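Student: Protein chains in written order, with my numbering: chain B, 174 to 355; chain C, 3 to 210; chain G, 42 to 310; chain U, 58 to 253.
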Amino acid sequence: MTEMIKTGSKLALICAVAALCLGAVNMVTEPQIAKFRAAKLKAALEQVAPAGTIGDETAADDVIVTSYYPVQDGTSMSGYILNLKGTGYGGDLIILASFTPEGAVIGSVLMEHDETPGLGKEAENDWYMEKYLGYSGTEIPTSKTQLEQADLDAISGATITYAGIGYALAAGSDFTVKLGGK
Amino acid sequence: MLKEFTKGIIKENPVFVLALGLCPALGVTSKVVNALGMGAGVIFVLLGSNIFVSLLKNFIPEKVRIPAYIVIIASFVTIVEMVMEAFIPSLYESLGVFVPLIVVNCVILGRAEAFANKNTIGASILDAFGMGIGFTLALIVIAFVREVLGAGTVSLVPIGSWDGVITIPGLSTSPARVFSLAAGALLVMGYLQALLKWSNMRKTEVKK
Amino acid sequence: MIDRVIYAFLSVGILGGLLGLALAYAAKIFAVKKDARVGELEENLPGINCGACGYPGCAGYAEAIVLEDAEMTLCSPGGPDVAAKIGEIMGVEVSVSGEKMVAQVMCRGTRETSKTKYEYDGVEDCNAMHSSFGGDKTCPYGCLGLGSCIKVCPVDAITKTDAGYLVIDRDLCIACGKCIDVCPTGVIKMIPYNAKDIVACNSTDKGGLVRKYCSVGCIGCKICDKKSPEGGFVIENFLATIDYSADGNRAEAIEACPAKCIIDLDAVE
Amino acid sequence: MTYIGIIITFVFINNFILTQFLGLCPFIGVSKNVESAVGMGFAVTFVMSIAALATWAIQNFILIPMNIEFLQTITFILMIAALVQFVEMFIQKSSPALYKALGIYLPLITTNCAVLGIALISVRSNYNAIESFVAGIAAGLGFLLAIVLMSTIREKLDSEWVPAPLRGTPIAFITGGLMALAFMAFDKALLNNLIG
């Protein structure tokens, strides 16, 4: 009986000490990681945002749009920045995109994804995302043929990723139109 | 004593000879810089785990041997994960799901189970370095072949303004993209091992 | 901030403790009483799991010795010293009669020296070839040379020479008999380790017939026995074999043999 | 995601071995003959489904409430190691025959990247309890499918003539690579067409 207690307590001790070290390291690294993530978000917001001051984030109960930031330029509403969650080949596609109140795409950045390097991963580059500028609503290409016409099917074999982005942006555009400049 | 170190590099190379640690070896080697990052992570974790396992080898009861080793390895991996995410985030992003998988990397638990819990700390450290460097070299070789064929570039650690990517003029325009995928990695691994076996066979024939 | 570290410390500590206790408790109730001697025996057995003793590997044999008190001298690879050690562990006097045996391929006939009945282009396996008309060689007793024995030998003692016939390395061979079981023509035989020469033929056909299909086959002419009477040559139904209890010099016989099928094992092929 | 969707994803589209690179060590090491491959496949499926459930419980009952998610790796792998050792002892006691067949592969499962892989992936795509369990089974079946296919091919290869340097693991890798090429045919489009 005591032998069992000894084994159990020894393992408990090892696990506890390990967890303690992790807790300590975490205390050091967590603020650093938080700072880095905030900076990355701010940089993305600035890159995408239209002129004006960015409002604070409000949650949205939409399947694809997770949250949005209203952007005010003086009195008029110059647009919205939306957090979009599309589905690509490898998994979720987290996109930050901004739309005019009428739903036209102003800018978009691919924040997080698991797409295959060399194929879907190319969508990370700005030269790809800029091709969506100006499109709004149903014009945003989502099917393979539409993507090809708009020269958006940049790399063959990665159509699923690009279609995923197209769907997400289209949903974002409809969402902003529904907001109607609130 | 030096034998402990050198054996890990060629004679008992964990990837090519012992066929251990294959998941990260094939998963992450689409770019050379990833291989370097993963290799560094594995060396650090292997070093730490070998030291602590051989330090505690009498303390850890036989019945809970594997869970105890795994906890030691896991805590080192989590430290690597946190430090990497906090201080070198670009590398952390490209290594993705593979960083936590270092903990189940057979090389580390294999060395803890087969070596560290039977030898002195000094030998364990040398073994860790040997195996770690052997692992990293194997990863670099695989990554180099896969990246040159699969993407036509060789991406190294970005220093200052240079983003560290050497593009090969001919290949980079139309590379054989399959090599940056799962299938290509397995094929490259197979042919590299065949090459190694062939050179060993020729060496033994020459000797005979 | 500190409270999360304490949470971490406590939660993982407790989880580890519970799991440790559960494992220790499970080890107690699930303990399968394993006789200590079985472990000890396993250490002393060669560990090649070749199955020569007829049990599934060394672990199986060790258990069989302790639980079903199997014969203690079945481990042929281990030879006399392993048998002695088993006796020592089991506290029983064990003596092993006879000396160390090794396997040898009793045929040097290759596609150049022996005629073939048909062109074989199929699976690289002697049994596969043998299933179609007893193999491509006209001689039904000879070695087919496709190396099934090479694949089955647990210690890689068998190699194919450039000339095309198979040779078994006497120092590596552990006499487990797997090659003998797998060989369809039964051309592999056990000979004592220190045997100096072999008659490399397994054909009991009449001399005239053998001469037609193989230039290195024994035709049963009995010259070997005449030339070296103390060489222990025994010729029955047209095939010479050696009785290794007689170990006289066989040089004249090797010289005189018309088919040159008496091989001096020490003259390395 | 519906359960069928999960099963199709993990068995075909994101097959653990051939597209996700998880569990390669036993895939190469244990696929020499069909019996050991089937044994390994079932042992892994069994452990993966329980591990997926257990790690879901740890994540939602311990890690999230106490906001200590950085302990994810350590608690998951601790649970998996203990689970595998428990299963090994249980099988050794309850059916020695099964243990003899599987015995040597069970400790191998602790170091199997696939088991921790499924735990992390189901947490990352925040499946609920049942979805995690189904994902565990599906991933296990994907593993079983790949390793059994591989072992049948390798058994056939044994009787074929293979150039000397390619014999053994090299030909296993190349076969695996060709299988992975074939598995690339299963992609998301398959899922959409099948279940709309």
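The beta carbon of each residue, even a glycine, is placed where N, CA and C say it ideally should be.
What you are looking at is a predicted structure, and each value in this text was computed from that prediction instead of being measured.
1) Rounded C-beta distance between U:T112 and U:V191? I'm assuming under 8 Å.
2) Check each residue of the region 218 to 245 of chain U: if its Cβ is closer than 9 Å to any Cβ of chain C, include it; give the result in chain order.
3) Measure the alpha-carbon distance for G:D45 versus B:R210 and round it to whole angstroms.
4) Would a check of beta-carbon distances place G:R45 closer than 9 Å to chain B?
5) Would you kindly check if the distance between the Cβ of U:N90 and the Cβ of U:S208 is under 9 Å?
6) In chain order, what residues of the region 184 to 197 of chain C put their CB closer than 9 Å to some CB of chain U?
7) For C:T169, which residues from the same chain have a beta carbon less than 6 Å from its beta carbon, with the 5 sequence-adjacent residues on both sides left out?
8) Hey, U:I166 and U:V141 are a contact pair by Cβ (cut 8 Å); roughly how many whole angstroms apart?
9) What's the gap between the Cα of G:V228 and the Cα of G:I260?
10) Answer yes or no: does any C-beta atom of chain G fall closer than 9 Å to that of B:I178?
11) Would you report the Cα separation of C:V19 and G:G258, rounded to the nearest angstrom?
12) So does U:P122 have its beta carbon nearer than 8 Å to some heavy atom of the ligand ADP?
13) Taking DSSP's pairing of strands, which residues face C:G10 in a bridge?
14) Measuring CA to CA, which of B:D234, B:D235, B:Y241, B:A207 is closest to B:V221?
15) Can you look up C:D129 in the DSSP assignment and give me helix, strand or coil?
16) In chain order, what residues of the region 3 to 22 of chain C put their CB closer than 7 Å to some CB of chain G?
17) Cβ closer than 7 Å: which chain C residues qualify as neighbours of U:F78?
18) Contact defined as beta carbons within less than 8 Å: I believe B:A270 pairs with B:G345. What is the distance between those atoms, to the nearest angstrom?
19) G:D203 to G:Y96, Cα distance in whole Å?
20) Just the C-alpha distance for C:I45 and G:V53, rounded to the nearest angstrom, thanks.
21) Compile a chain-ordered list of the residues in the region 51 to 66 of chain G whose CB is closer than 9 Å to at least one CB of chain C.
22) So, for U:I64: in the same chain, excluding its five sequence neighbours on each side, which residues have a beta-carbon less than 6 Å away from its beta-carbon?
23) Looking at the C-beta of B:A191, does it have a partner C-beta in chain A at a distance below 9 Å?
24) Check whether the Cβ atoms of C:V180 and C:G152 sit closer than 9 Å, and answer yes or no.
25) Please work out which residues of its chain come closer than 8 Å, Cβ to Cβ, to U:K150, disregarding the five sequence neighbours upstream and downstream, and give them in chain order.
26) Flag G:K69 as yes if its beta-carbon sits less than 9 Å from any beta-carbon of chain B, otherwise no.
27) Examine the Cβ distances between the region 103 to 120 of chain C and the region 34 to 54 of chain C and report whether three or more of them are shorter than 8 Å.
28) For U:E145, is the classification buried or exposed, using 16 other Cβ atoms within 10 angstroms of its Cβ as the cut-off for buried?
29) Do the CB positions of C:A196 and U:P83 come within less than 9 Å of each other?
30) Could you confirm whether any beta carbon from chain B is found closer than 9 Å to the beta carbon of C:M84?
31) Tell whether a beta-carbon distance below 9 Å holds between C:G136 and C:N36.
32) Measuring only the C-alpha atoms, how far is B:I178 from U:A138?
33) Which runs of the alpha helix (DSSP H) spanning at least 4 residues fall entirely within the region 194 to 253 of chain U, listed in chain order?
34) Between the beta-carbon of C:P26 and the beta-carbon of B:L184, is there less than 9 Å?
35) Which whole-angstrom value describes the C-beta separation of G:C262 and G:G272, a residue pair presumed to lie in contact below a C-beta threshold of 8 Å?
36) List the residues of chain C that B:Q245 touches, going by C-beta distances under 9 Å, in chain order.
Tutor: For this structure:
1) Contact between U:T112 and U:V191 fails: their C-beta atoms lie close to 14 Å from each other, not under 8 Å.
2) Of all residues in the region 218 to 245 of chain U, the ones placed with a Cβ closer than 9 Å to any Cβ belonging to chain C are P220, A221, P222, L223, R224, G225, T226, P227, I228, A229, F230, I231, T232, G233, G234, L235, M236, A237, L238, A239, F240, M241, in chain order.
3) According to the sequence displayed, residue 45 of chain G carries Arg and not Asp. Their Cα atoms are separated by approximately 21 Å.
4) So, interface residue.
5) A contact, by the Cβ cut-off of 9 Å.
6) Those residues of the region 184 to 197 of chain C that come within reach of chain U (Cβ to Cβ, closer than 9 Å) are A184, A185, G186, A187, L188, L189, V190, M191, G192, Y193, L194, Q195, A196, L197.
7) Closer than 6 Å at the Cβ level, and outside the excluded window around C:T169, lie T155.
8) So it is a contact: roughly 5 Å between Cβ atoms.
9) Those two C-alpha atoms are separated by around 16 Å.
10) Yes, B:I178 counts as interfacial toward chain G.
11) Their Cα atoms are separated by approximately 44 Å.
12) The ligand ADP is absent from the structure shown, which contains no ligand whatsoever.
13) Partner(s): none; C:G10 has no beta bridge.
14) It is B:Y241.
15) Collapsing the DSSP output to three states places C:D129 in a helix.
16) Residues are counted here when their Cβ sits less than 7 Å from a Cβ of chain G; for the region 3 to 22 of chain C the count is zero.
17) Those are C25, L28, G29, A184, listed as they occur along chain C.
18) The Cβ separation is near 5 Å, so the contact holds.
19) Using only the alpha carbons, I get a separation of about 36 Å.
20) One C-alpha to the other measures close to 26 Å.
21) Residues V53, G57, L60, G61, L64, A65.
22) Correct list, in chain order: A195.
23) Although the question refers to chain A, the structure presented lacks it and instead comprises the protein chains B, C, G and U.
24) Contact flag set, yes.
25) Counting only residues of its own chain and dropping the five nearest sequence neighbours on each side, U:K150 has no CB closer than 8 Å to any other CB.
26) It does; some Cβ of chain B falls within 9 Å.
27) Contact between the region 103 to 120 of chain C and the region 34 to 54 of chain C is present: 3 or more CB-CB pairs across the two stretches fall below 8 Å.
28) Its Cβ being crowded by 16 or more others within 10 Å, U:E145 is buried.
29) No, these two residues do not count as a Cβ contact at 9 Å.
30) Closer than 9 Å: yes.
31) Annotated as distal: C:G136 and C:N36, with beta-carbon spacing of 9 Å or more.
32) Taking the straight line from one Cα to the other gives about 19 Å.
33) Here the runs fully enclosed are 226 to 240, 245 to 252.
34) It is not a contact, given that the beta carbons lie outside the stated cut-off.
35) For G:C262 against G:G272, the beta-carbon gap comes to about 15 Å, at or over 8 Å, which does not count as contact.
36) Within 9 Å Cβ-Cβ: nothing; B:Q245 doesn't reach chain C, min ~32 Å.
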